[in-house]
Structure formats: structure tokens, C-alpha cells
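J.:
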Amino acid sequence: DFSHPVYKNISQFNGQVNKMKRNEVINRLKKYSMDTHGETEILKRRLKNCYRKRKLKETGVGENKTPILDYIIIIDYEATCEAHTMDYRHEIIEFPAILMNVSDGSMVSEFRSYCKPIENPKLTRFCTGLTGITQEQVDKAEEFPVVLENFEKWLTSHKLGVKRGFKFAVATDGPWDMRRFLFYQCQMLDMPFPKWAKKWVNLRKLFANFYRRERGNIENMLRHLGLEFEGRQHCGMDDTRNIARIAQRLIKDGCFIDVNEGFSGNEKGKIQEIKPEKNHAPVDFPEPKPVNIKSEEEKRKDVEVREALRKLQLKEDDELAAFYKSINKY
667 DFSHPVYKNI
677 SQFNGQVNKM
687 KRNEVINRLK
697 KYSMDTHGET
707 EILKRRLKNC
717 YRKRKLKETG
727 VGENKTPILD
737 YIIIIDYEAT
747 CEAHTMDYRH
757 EIIEFPAILM
767 NVSDGSMVSE
777 FRSYCKPIEN
787 PKLTRFCTGL
797 TGITQEQVDK
807 AEEFPVVLEN
817 FEKWLTSHKL
827 GVKRGFKFAV
837 ATDGPWDMRR
847 FLFYQCQMLD
857 MPFPKWAKKW
867 VNLRKLFANF
877 YRRERGNIEN
887 MLRHLGLEFE
897 GRQHCGMDDT
907 RNIARIAQRL
917 IKDGCFIDVN
927 EGFSGNEKGK
937 IQEIKPEKNH
947 APVDFPEPKP
957 VNIKSEEEKR
967 KDVEVREALR
977 KLQLKEDDEL
987 AAFYKSINKY
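Residue numbers (my numbering): 667 to 996.
Here you go:
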């Protein structure tokens with residue numbers, strides 16, 4: 667119910683923030699002891715959320731924003747790869763994970779293990795150069811089934827995935843870690859697909875929707891937040907830690923964390939978007955979006971790209987459908 671006068675006050679304040687210059691926004695954030703890193707539009711979003719929370723608390727008008735999840739497990743796999751090869755069968759060679767408390771964004775624990783590839787046991791020069799993973803590291807590692815078992819023991823040690831345990835979900839930078847790497851890894855080894863991997867938090871999508879930015883990679887999201895990448899890109903653990911930094915910022919800025927993607931229940935086994943319950947969505951007031959007027963040439967190229975992606979999607983859907991029955995068995 668938005669009839670309470672506080673919502674009019676919040677709406678008026680949002681209008682004022684829209685007209686503020688960067689220095690004004692920063693000064694207001696400092697007044698509230700809030701972080702001042704990030705692009706101007708990010709800072710405005712942060713200020714609006716901060717003001718809204720304060721006003722609702724002052725007036726006793728609360729929002730139902732109790733987190734559904736207790737924890738998220740941030741994962742960013744690295745896999746075998748070869749340059750310019752579309753049909754290459756990837757195998758996971760680094761399995762990193764970070765356990766994060768959703769209530770405050772604190773990092774609780776880390777898991778990391780290299781995996782010995784089976785189908786392509788010798789890493790390509792391209793793969794080693796990209797990931798920094800050496801042949802010696804994978805030769806000494808356990809094969810994926812053992813690593814997965816160790817990972818699930820790690821989950822159990824934190825009371826995750828057990829009866830009367832904490833609620834959690836995997837969080838990734840996009841859909842590819844679950845949809846592609848883990849999915850095909852299990853298919854290749856004729857393993858059951860893990861129950862915990864059937865739904866996940868797509869942080870890239872969440873970031874774009876919350877801050878109203880175009881979807882971008884880890885480095886782009888960090889740049890929007892006024893942060894720099896720490897470590898080596900395409901090192902699985904470093905990528906995971908940087909994704910965790912993004913997740914921390916989302917949590918502190920008031921973003922509601924919940925699953926937003928997963929395997930659908932239809933016969934084709936497609937990935938579907940999962941929308942959070944309405945009563946858990948933060949109160950917000952829509953702002954006008956800029957109109958992007960494209961030339962005829964740009965429109966033509968867009969059509970070509972969409973058609974190419976559609977064909978790739980159909981190919982992946984066929985492969986997903988073949989495996990989908992085995993997913994539902996577990």
C-alpha cells in the first residue's frame with residue numbers, strides 16, 4: 667500500500683536526486699556514511715535506496731525484505747579450451763567457490779580445487795596462457811567426480827544441502843557456469859546433475875536490472891562501481907573473488923538477492939528466467955529510459971546477430987533436451 671505520505675516524500679526526493687550533480691550526490695552519501703565509489707548513476711541509485719530505507723524506518727512503514735536465502739555460493743569455473751574452435755568439448759579444470767552471507771555480504775569460507783581433465787588431458791597452449799593453469803597442476807589434481815564430492819562435503823560442513831540446514835543458491839556471472847560447463851561435464855561423465863545447480867542467481871542480470879546498466883562482464887561491472895579487478899583475469903579463484911566483491915556491493919546497496927534463472931520444467935529443458943515474488947521486491951519508482959534510435963544498418967546487423975544466436979540456441983536446446991530427463995531423476 668503506497669498511500670502513506672512517506673512514499674510521496676520518497677518520490678519527491680528521487681526527483682531531486684535525478685537533478686543533482688555528482689558532487690552533490692557524493693556529499694549526501696558522505697553525510698549518511700555511505701560508499702562514494704562508482705559512476706554517477708550508480709551513486710544516485712545508492713542515495714535513493716539509502717534515503718528510502720531511512721524514511722521507512724523512521725515512519726515505521728516497513729518493507730517485506732527478509733532474505734529468502736541465507737547464503738550464496740559464488741562459482742566461476744575454468745575449463746579446457748582452444749582458440750577459434752566452436753565445437754570444442756570443455757572440461758572443468760578449476761572449481762572455485764566462495765560462501766557469502768546474504769544478510770551482510772560477509773565472505774565466510776572458500777573452496778578451491780583443480781580437476782584433472784579426461785577427454786583432453788593435455789592442456790593447450792591457449793588454455794594455459796588464458797587461465798594460468800599449468801599441466802602440472804591438473805596432472806596432480808583429482809578427477810572431477812572426486813572434486814565434486816569434496817565440494818559437496820564442504821557444503822555439508824557449513825550446514826548447506828542438508829535437512830534443517832541453511833537456505834542457499836549458487837551465484838554466477840551469467841548462465842554459462844551451470845548451463846554449459848557443469849551441465850556438459852556431468853553429461854560427458856554420465857553423472858547425475860546436482861540438485862543445487864538447477865537454479866541459480868545470475869549476478870550479471872541482477873546487476874544490470876538493479877543499477878539499470880547494460881549487461882557487462884566482471885571488469886565492466888567493477889568499473890561501474892568505481893573498482894578495479896584484483897588478481898589475474900580468467901584465474902577461477904580471482905574471478906570468483908571479484909564477483910564476490912560485486913555481490914557485496916549489491917547487498918550493501920539494498921539489492922534483494924534471489925534466484926533468477928534455472929532449468930525450466932518444460933519438455934525442451936530450456937533455461938528460464940525466474941522472477942522473485944512481488945512482495946519481496948524493493949520499493950522503487952520508475953525513471954524514464956533513454957530512447958536509443960538505431961540506423962537501418964544497425965537494425966540489419968541486429969537481425970543477423972539475433973538469427974545467429976537463435977540457431978546456436980536451438981542447437982543447445984536439443985542437447986539440453988537429451989539430458990533433461992536425467993536431471994529430473996535426481
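C-beta atoms are modelled at their ideal positions from N, C-alpha and C, and glycine is treated no differently.
1. Could you check how far apart the C-beta atoms of residue 786 and residue 757 are, in whole angstroms? I think they sit under 8 Å.
2. Check residue 955 in the structure and name its three-state DSSP category.
3. Residue 671 lies in the alpha helix (DSSP H); which residues open and close that run?
4. Classify residue 691 as buried or exposed, calling it buried when 16 or more other Cβ atoms lie within 10 Å of its own Cβ.
5. How should residue 863 be labelled, buried or exposed, when 16 other C-beta atoms within 10 angstroms of its C-beta is the threshold for buried?
6. Would you please state the rounded distance, in angstroms, between the beta carbons of residue 780 and residue 759? I believe it to be under 8 Å.
7. Give every residue of the same chain whose Cβ lies closer than 6 Å to the Cβ of residue 734, excluding the five residues on either side of it in the sequence, and list them in chain order.
8. Name the DSSP beta bridge partners of residue 873, please?
9. Within the same chain, show all residues whose beta-carbon is closer than 6 Å to that of residue 954, passing over the 5 residues directly before and after it, in chain order.
10. Hey, how far is the Cα of residue 767 from the Cα of residue 829?
11. Based on Cα-Cα distance, which residue from 719, 711, 770 lies nearest to residue 917?
12. What number of angstroms, rounded off, separates the C-alpha of residue 738 from the C-alpha of residue 894?
13. The alpha helix (DSSP H) that contains residue 696, what's its start and end?
14. Please specify which runs of the alpha helix (DSSP H), each continuous and at least 4 residues long, are wholly inside the region 760 to 803, giving them in chain order.
15. Whose CA, out of 824, 841, 839, 840, lies closest to the CA of residue 833?
16. If the criterion is Cβ atoms closer than 9 Å, does the pair residue 998 and residue 793 meet it?
17. Near residue 852, which residues of its chain fall below 6 Å by C-beta distance, leaving aside the five closest residues on each side in sequence?
18. Quick check on residue 740: does DSSP put it in helix, strand or coil?
19. Just to confirm the assignment, what range does the alpha helix (DSSP H) spanning residue 723 have?
20. Using beta-carbon positions only, say whether residue 848 and residue 913 come within less than 9 Å of one another.
21. Have a look at residue 884 and residue 871 and give me their C-alpha separation to the nearest angstrom.
22. Is residue 778 near the ligand GDP, judged by its Cβ being under 8 Å from some heavy atom?
23. Helix, strand or coil, according to DSSP, for residue 892 in the structure here?
24. With H, G and I counted as helix, E and B as strand and the rest as coil, what does DSSP make of residue 668?
25. If we count the other Cβ atoms within 10 Å of its Cβ and call it buried at 16 or more, is residue 905 buried or exposed?
26. Assuming residue 831 and residue 818 are in contact, meaning their beta carbons sit under 8 Å apart, how far apart are those beta carbons, in whole angstroms?
27. Hey, quick one: how far does the beta strand (DSSP E) through residue 836 stretch, first residue to last?
T.: Quick answer:
1. Counted from its first residue, the sequence shown places residue 786 at position 120. Counted from its first residue, the sequence shown places residue 757 at position 91. About 6 Å; that satisfies the 8 Å criterion.
2. Your numbering for residue 955 matches position 289 in the sequence shown. With a pLDDT of 37 at residue 955, under the threshold of 50, the modelled position of that residue is not reliable, and the figure given next carries that caveat. Three-state result, residue 955: coil.
3. Here residue 671 refers to the residue found at position 5 of the sequence shown. It spans 671 to 685 - the alpha helix (DSSP H) in which residue 671 sits, taken as one unbroken run.
4. The sequence position of residue 691 within the sequence shown is 25, counting from 1. Classification of residue 691: buried, given that the 10 Å Cβ count is 16 or more.
5. As a first step, residue 863 must be located in the sequence shown, where it is residue number 197. Residue 863 comes out buried.
6. Your numbering for residue 780 matches position 114 in the sequence shown. Your numbering for residue 759 matches position 93 in the sequence shown. 6 Å between Cβ atoms; contact.
7. Position 68 of the sequence shown, counted from the start, is the residue given in the question as residue 734. Same-chain partners within the cutoff: 924.
8. Here residue 873 corresponds to residue number 207 of the sequence shown, with the count starting at 1. Paired residues: none, contrary to the question.
9. In the sequence shown, counting from the first residue as 1, residue 954 sits at position 288. In this predicted model, residue 954 has a pLDDT of only 33, less than 50, meaning its place in the structure is not dependable; the value taken from the coordinates is given anyway. Answer for residue 954: no residue qualifies.
10. Along the sequence shown, read from residue 1 onward, the residue named residue 767 stands at position 101. Along the sequence shown, read from residue 1 onward, the residue named residue 829 stands at position 163. Rounded to whole angstroms, residue 767 to residue 829 spans 19 Å at the Cα level.
11. Counted from its first residue, the sequence shown places residue 917 at position 251. That would be 770, whose Cα lies nearest to the Cα of residue 917.
12. Looking up residue 738 in the sequence shown gives position 72. Looking up residue 894 in the sequence shown gives position 228. Whole-angstrom Cα-Cα distance: 23 Å.
13. Sequence index remark: in the sequence shown, residue 696 carries index 30 (1-based). Run containing residue 696: 688 to 697, per the alpha helix (DSSP H) assignment.
14. 791 to 797
15. The sequence position of residue 833 within the sequence shown is 167, counting from 1. The shortest Cα separation from residue 833 among 824, 841, 839, 840 belongs to 824.
16. Examination of residue 998 is not possible in this model, given that the chain is present from 667 through 996 alone.
17. Along the sequence shown, read from residue 1 onward, the residue named residue 852 stands at position 186. If we look at residue 852 and ignore the five residues flanking it on each side, its Cβ neighbours are 859.
18. Start at 1 with the first residue of the sequence shown, and residue 740 comes out as number 74. Strand at residue 740.
19. Position 57 of the sequence shown, counted from the first residue, corresponds to residue 723. Note, residue 723: alpha helix (DSSP H), 706 to 725.
20. Here residue 848 is taken as the residue at index 182 of the sequence shown, counted from 1. Here residue 913 is taken as the residue at index 247 of the sequence shown, counted from 1. Against a cut-off of 9 Å, the Cβ pair of residue 913 and residue 848 comes out as no contact.
21. By 1-based counting over the sequence shown, the position of residue 884 is 218. By 1-based counting over the sequence shown, the position of residue 871 is 205. Taking the straight line joining both Cα atoms gives about 12 Å.
22. Among the components modelled here there is no ligand, and therefore nothing to report on the ligand GDP.
23. Residue numbering aside, residue 892 sits at position 226 when the sequence shown is read from its first letter. If DSSP states are grouped into helix, strand and coil, residue 892 belongs with coil.
24. Taking the first residue of the sequence shown as 1, we reach residue 668 at position 2. If DSSP states are grouped into helix, strand and coil, residue 668 belongs with coil.
25. Counting from one through the sequence shown, the residue named residue 905 turns up at place 239. Buried, since its Cβ has 16 or more Cβ neighbours within 10 Å.
26. Reading the sequence shown from its first residue, position 165 is the one you call residue 831. Reading the sequence shown from its first residue, position 152 is the one you call residue 818. Going by Cβ atoms, the distance from residue 831 to residue 818 rounds to 12 Å, so no, they are not a contact pair.
27. Working through the sequence shown from its first residue, we reach residue 836 at position 170. It spans 834 to 838 - the beta strand (DSSP E) in which residue 836 sits, taken as one unbroken run.
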